[in-house]
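**Student:** Residue 1429 in the working numbering sits at position 165 of the sequence shown; the count goes up by one each step and never skips.
Every residue gets a Cβ at the ideal spot worked out from N, C-alpha and C, and that includes glycine.
Small disclaimer: the values here were computed from a predicted structure and weren't measured.
Let me give you the structure first, and then I'll get to my questions.
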Amino acid sequence: MMQIFVASVLAILATTSARAETIKVAFVLSEQANVMDSAGPWEVFQDTMLDDGQGSMPFVLYTVAQSTAPINTSGSGGPGMRITPDYSFADAPTPDIVVVGAQRGGPELRAWITRQHAAGKTILSICTGAFELAQAGLLKGKSATTHHEYADLFAEKYPDTKLIRASRYGQSDPYLYTAGGLTSGIDLSLHIVASYFGEKQARRTADFLEYSRRP
């Protein structure tokens, strides 16, 4: 655990040079992407305004998918919302943070996430997005959490990952975090804000969102 903590501190320090410019957050999308899994973290990063006298907005957000063709989000008996990704995996800017929510996924998506992890980028999975990370082999021998209703399935499919049940979020390695279902992604994103800018800033962002944080 101490090794993960030290490595995590080093990983955050390695990104501090980005603070003078921007911190790029990529939201990975594919068919049937869950809206809340992306929308919650999106609002957290979008609404983080630094108390620096200039109202600096440190996070720059974009969507990325296999192609820039429109995708359909999850919907109740229908196609859901239609989103046109900003970039494809082939031409997306190099991110600092990657957010992976529940979605259909696929080998191209997993390959792109794996490359970002290998490059030392911070990866956040929300809800059953953890299945994509596990399928990519990124959670082997590590701990993870997911939506509670899919916990048994996750444990069955990925026995080499230590499943943490009933957890809002957790850290799997210095660059990899997993969150539980839906609104858990907000709590994890606020944790990431705190890791960059401190607890006071995370509370300020949560207050703006009128959101009560849960550890």
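1. Is Thr1280 helix, strand or coil when you go by DSSP?
2. By Cβ distance below 7 Å, which residues in the same chain neighbour Gly1341 in space, the five residues on each side in sequence not counted?
3. Specify, as a first and last residue, the run of the beta strand (DSSP E) that Phe1389 falls within.
4. Expressed to the nearest angstrom, what Euclidean distance is found between the alpha-carbon atoms of Arg1429 and Thr1392?
5. What does the alpha-carbon distance come out to for the pair Ala1366 and Arg1467?
6. From the DSSP secondary-structure annotation, give me the bridge partner or partners of Ser1407.
7. Do you know whose CA, among Gly1317, Ala1356 and Gly1384, lies nearest Tyr1326's CA?
8. May I ask you to report which of helix, strand or coil DSSP gives Ala1375?
9. Going by alpha carbons, who is nearest to Arg1432 out of Gln1310, Ala1400 and Ser1389?
10. Just the Cα atoms here: how many angstroms apart are Tyr1422 and Val1364?
11. Are Ile1347 and Thr1332 touching if we call contact CB-CB under 8 Å?
12. From which residue to which residue does the beta strand (DSSP E) around Phe1291 run?
**Tutor:** For this structure:
1. Per-residue confidence for Thr1280 stands at a pLDDT of 46, beneath the threshold of 50, marking its modelled position as unreliable; no derived number is given.
2. none
3. Residue identity check: residue 1389 is Ser in the sequence provided, not Phe. Thr1386 to Ser1389 is the span of the beta strand (DSSP E), which, as asked, contains Ser1389.
4. 13 Å
5. 26 Å
6. Lys1426
7. Ala1356
8. helix
9. Ser1389
10. 18 Å
11. no
12. Ile1287 to Val1292
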